[in-house]
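Report on one structure; see the data block that follows.
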Amino acid sequence: MKTLLTALTAVLISTPTLAQIPSNIEAVEYDPNGSQWFVSCGSSTMLSTSDLGDTWEYFGTAHATHGMEVMGEVLFVLDNNLIRAYDLNTAEQLGTASVAGASFLNGMGNNGNGILIVSDFGSGRILKVDATDPADMSVSTLVGNTGSTPNGIVVDTENGRAVIVNWYGNADILAVDIESGALTTLVNGTGLGNCDGIDMDSDGRYYVSSWSPNRITRFSNDFSSSETLVNSGLSSPADISFDETNHILGVANSGSNQVTFHQFEAEVNGVDIIDSNEASEVALLGNNLTFQVAHPGNYNISAFTISGKLLDSMAIDIPAGTTNVSLERLPRVMQNAAVIHVSGTDLDQSFKLGLRQP
């Protein structure tokens, strides 16, 4: 088993500055062609960001409620039990496919060569979609019933299989041959409850999001070992997507309506390499308190008047890496502070905000 120094080097939790703010989010997908991220919203809208969530914009008039997949120059999405295809460059809808007897289309993966694999959460079916021509997609049943509640899917093209996570306690991880439909169990009981999303990195390792506990777990490419990568800063993590070029994992947190981005360093000789600077820092940058911490921890934020009167204080859990905490998200009484003080096991710093209170 590989020695893990630590995999997580940055978590970016950003407050969008435009009016377009993700809501009722379910899935996130990275587009390597345009270096942008998409998020699907339960309200059927779709937003995109090219700056890791600092700003969000509508992707034309595209709709998506659940899983999404970029394949070639096309973005395929699940939208209320329909499969839609959109041109990545123009946001023009290229085609729509309906699925007979669909109960709850949820997760989706692709083989990079015209084939989509889709989970029907409600019926336990696994569907195969020939999307070679997005304007004329055809749907067939690959597995009639997995005997489970299949959720997230990623296609392992090297092994010709779709890897599926499931929604129940101590959930299994399954694999289905994308040609024969043969179903096998890769992990018989992960110890994770309500697994939602799954994706792979360029080394063939698997990242899985779960709600019980709220965390991201990474499995080796043969599922012989696993390790916890992110166990704080998440809220009902749903679908996930991995940017292989920049080693960034995007997580759609359905509980907080935030997309968090977790950056990992590449490996050298099988060991995850991180910045050797273990010092924790906090800075006031614009309207954000920017934390850079080596390890997850609990910090206290206190607000004072210019005369030193305590207005209010709050505790906040900060994950390892970089986290932006917007002052606008603090309790209203704290927003009128003249001084903000941050304290914790390895931090003790004050910031003057101005003469706001006597």
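Just so you know, we're using the numbering used here here: the sequence shown kicks off at 373 and counts up by one. Glycine included, every Cβ here is placed at the ideal spot set by N, Cα and C. Please read these numbers as outputs of a predicted model, since none were measured by experiment.
_Given 8 Å, three or more beta-carbon pairs between the stretch 672 to 680 and the stretch 705 to 722_ = Touching, yes, given that three or more Cβ pairs across the two stretches are closer than 8 Å.
*Pairwise C-alpha distance: D544 and T556*: Taking the first residue of the sequence shown as 1, we reach residue 556 at position 184. Taking the first residue of the sequence shown as 1, we reach residue 544 at position 172. Cα to Cα, T556 sits roughly 10 Å from D544.
_Quick check: the Cα distance between T513 and A457, rounded to an integer number of angstroms?_
Position 141 of the sequence shown, counted from the start, is the residue given in the question as residue 513. Position 85 of the sequence shown, counted from the start, is the residue given in the question as residue 457. So the alpha carbons of these two residues sit roughly 20 Å apart.
*Between the Cα of G479 and those of N461, Q664 and V580, spot the shortest distance and give me the residue it belongs to.*
The residue you call residue 479 lines up with position 107 of the sequence shown. Looking from the CA of G479, the closest CA among N461, Q664 and V580 belongs to V580.
_Please report the straight-line C-alpha distance between S596 and R577, rounded to a whole angstrom._
Along the sequence shown, one-based indexing puts residue 596 at 224. Along the sequence shown, one-based indexing puts residue 577 at 205. Rounded to whole angstroms, S596 to R577 spans 11 Å at the Cα level.
*asked:* According to DSSP, H667 sits in a beta bridge with which residue or residues?
replied: In the sequence shown, the residue the question calls residue 667 occupies position 295. H667 is not bridged by DSSP to any residue.
*Have a look at D615 and M572 and give me their C-alpha separation to the nearest angstrom.*
Taking the sequence shown and counting its residues from 1, one reaches residue 615 at position 243. Taking the sequence shown and counting its residues from 1, one reaches residue 572 at position 200. Whole-angstrom Cα-Cα distance: 9 Å.
*Inter-residue Cα distance where the pair is R497 and T521*: Walking along the sequence shown from the start, residue 497 turns up at place 125. Walking along the sequence shown from the start, residue 521 turns up at place 149. Those two C-alpha atoms are separated by around 9 Å.
*With 16 other Cβ atoms within 10 Å as the buried cut-off, status of T518*: As a first step, residue 518 must be located in the sequence shown, where it is residue number 146. Burial of T518 is indicated by the presence of at least 16 other C-beta atoms within 10 angstroms of its C-beta.
_Straight-line Cα distance separating L683 from S491_ = As a first step, residue 491 must be located in the sequence shown, where it is residue number 119. As a first step, residue 683 must be located in the sequence shown, where it is residue number 311. C-alpha separation (whole angstroms): 51 Å.
*From C567 to V711, what does the alpha carbon distance come to, in whole angstroms?*
By one-based count along the sequence shown, residue 567 stands at place 195. By one-based count along the sequence shown, residue 711 stands at place 339. In a straight line, the C-alpha of C567 is about 42 Å away from that of V711.
*What residues are listed by DSSP as bridge partners for I487?*
Translated into positions along the sequence shown, residue 487 becomes position 115. Partner residues in the beta bridge of I487, as assigned by DSSP, are D502.
_beta strand (DSSP E) segment containing R704, residue limits_ = Within the sequence shown, residue 704 is the residue found at index 332, counting from 1. Counting along the chain, R704 falls outside any beta strand (DSSP E), though it belongs to the alpha helix (DSSP H) covering R704 to Q707.
*Please classify G541: is it buried, with 16 or more other beta-carbons within 10 angstroms of its beta-carbon, or exposed?*
Along the sequence shown, one-based indexing puts residue 541 at 169. G541 counts as exposed, since fewer than 16 other C-beta atoms from the protein chains shown sit within 10 angstroms of its C-beta.
_Am I right that V449 and A436 are in contact with their C-beta atoms under 8 Å? What's the rounded C-beta distance?_
One-based indexing of the sequence shown puts residue 449 at position 77. One-based indexing of the sequence shown puts residue 436 at position 64. The C-beta distance from V449 to A436 rounds to 4 Å, short enough to fall under 8 Å.
*Could you check if K500 is buried or exposed, using at least 16 other CB atoms within 10 Å of its CB as the buried criterion?*
Translated into positions along the sequence shown, residue 500 becomes position 128. K500 should be labelled buried.
*Round the Cβ separation of S698 and N659 to the nearest angstrom and send it over; I've been treating them as touching at under 8 Å.*
Locating residue 698 in the sequence shown gives position 326, where the first residue counts as 1. Locating residue 659 in the sequence shown gives position 287, where the first residue counts as 1. Going by Cβ atoms, the distance from S698 to N659 rounds to 6 Å, so yes, they are a contact pair.
*asked:* To the nearest angstrom, how far is the alpha carbon of A655 from that of T694?
replied: Stepping through the sequence shown from its first residue, residue 655 is reached at position 283. Stepping through the sequence shown from its first residue, residue 694 is reached at position 322. Taking the CA atoms as reference points, A655 sits about 11 Å from T694.
*Could you name the residues of the same chain whose beta carbon sits closer than 6 Å to that of F476, not counting the 5 residues immediately before and after it, in chain order?*
Taking the sequence shown and counting its residues from 1, one reaches residue 476 at position 104. Taking C-beta separations shorter than 6 Å and ignoring five residues to either side along the sequence, the partners of F476 in its chain run F493 and G494, following chain order.
*Given a cut-off of 9 Å, decide if L466 and N405 are closer than it, judged by their beta-carbon atoms.*
Along the sequence shown, one-based indexing puts residue 405 at 33. Along the sequence shown, one-based indexing puts residue 466 at 94. Contact: no.
_For D684, the residue or residues it bridges with in DSSP_ = As a position in the sequence shown, residue 684 is number 312, starting the count at 1. DSSP lists A675 as partners of D684.
*Would you grab the beta carbon distance between G553 and V602 for me? Rounded to a whole angstrom, and I think it's under 8 Å.*
Within the sequence shown, the letter at position 181 stands for residue 553. Within the sequence shown, the letter at position 230 stands for residue 602. G553 to V602, Cβ: 33 Å. No contact.
*Going along the chain, which unbroken runs of the alpha helix (DSSP H) with 4 or more residues stay wholly within the stretch 454 to 488?*
The qualifying runs do not exist here; there are none.
_Between the CA atoms of G524 and N482 - distance to the nearest angstrom_ = Residue mapping note: residue 482 aligns to position 110 of the sequence shown, counting from 1. Residue mapping note: residue 524 aligns to position 152 of the sequence shown, counting from 1. Distance between the alpha carbons of N482 and G524: 12 Å.
*asked:* Out of L621, F410 and M706, which one is the CA nearest neighbour of G432?
replied: As a working note, residue 432 is residue 60 in the sequence shown. In terms of Cα proximity to G432, the closest of L621, F410 and M706 is F410.
_Between the alpha carbons of E653 and D426, how many angstroms are there, rounded?_
By 1-based counting over the sequence shown, the position of residue 653 is 281. By 1-based counting over the sequence shown, the position of residue 426 is 54. One C-alpha to the other measures close to 21 Å.
*What residue does the beta strand (DSSP E) around F633 start on, and which one ends it?*
Here residue 633 refers to the residue found at position 261 of the sequence shown. Boundaries of the beta strand (DSSP E) around F633: Q630 to Q635.
*I think V511 touches V471, with their Cβ atoms under 8 Å apart; what is that distance to the nearest whole Å?*
Along the sequence shown, read from residue 1 onward, the residue named residue 511 stands at position 139. Along the sequence shown, read from residue 1 onward, the residue named residue 471 stands at position 99. Contact between V511 and V471 holds: their C-beta atoms lie close to 5 Å from each other, under 8 Å.
*asked:* Quick check on the DSSP output: the beta strand (DSSP E) that includes R533 runs from which residue to which?
replied: Mapped onto the sequence shown, residue 533 falls at position 161. Taken as a continuous stretch (DSSP letters only), the beta strand (DSSP E) holding R533 covers R533 to N538.
*Would you report the Cα separation of A469 and P506, rounded to the nearest angstrom?*
In the sequence shown, residue 469 corresponds to position 97, counting from 1. In the sequence shown, residue 506 corresponds to position 134, counting from 1. When rounded, the distance between both Cα atoms is 9 Å.
*In chain order, what residues of the same chain have a beta carbon less than 6 Å from the beta carbon of F663, not counting five sequence neighbours either side?*
In the sequence shown, counting from the first residue as 1, residue 663 sits at position 291. Correct list, in chain order: V654, I690 and T695.
_Cutoff 7 Å; reference D718; Cβ partners in own chain excluding five residues on either side_ = Here residue 718 corresponds to residue number 346 of the sequence shown, with the count starting at 1. Here the set comprises S652.
*Measure from the alpha carbon of T421 to the alpha carbon of each residue in V631, L546 and G532, then state which is nearest.*
Here residue 421 refers to the residue found at position 49 of the sequence shown. Taking only the C-alpha atoms, the option nearest T421 is V631.
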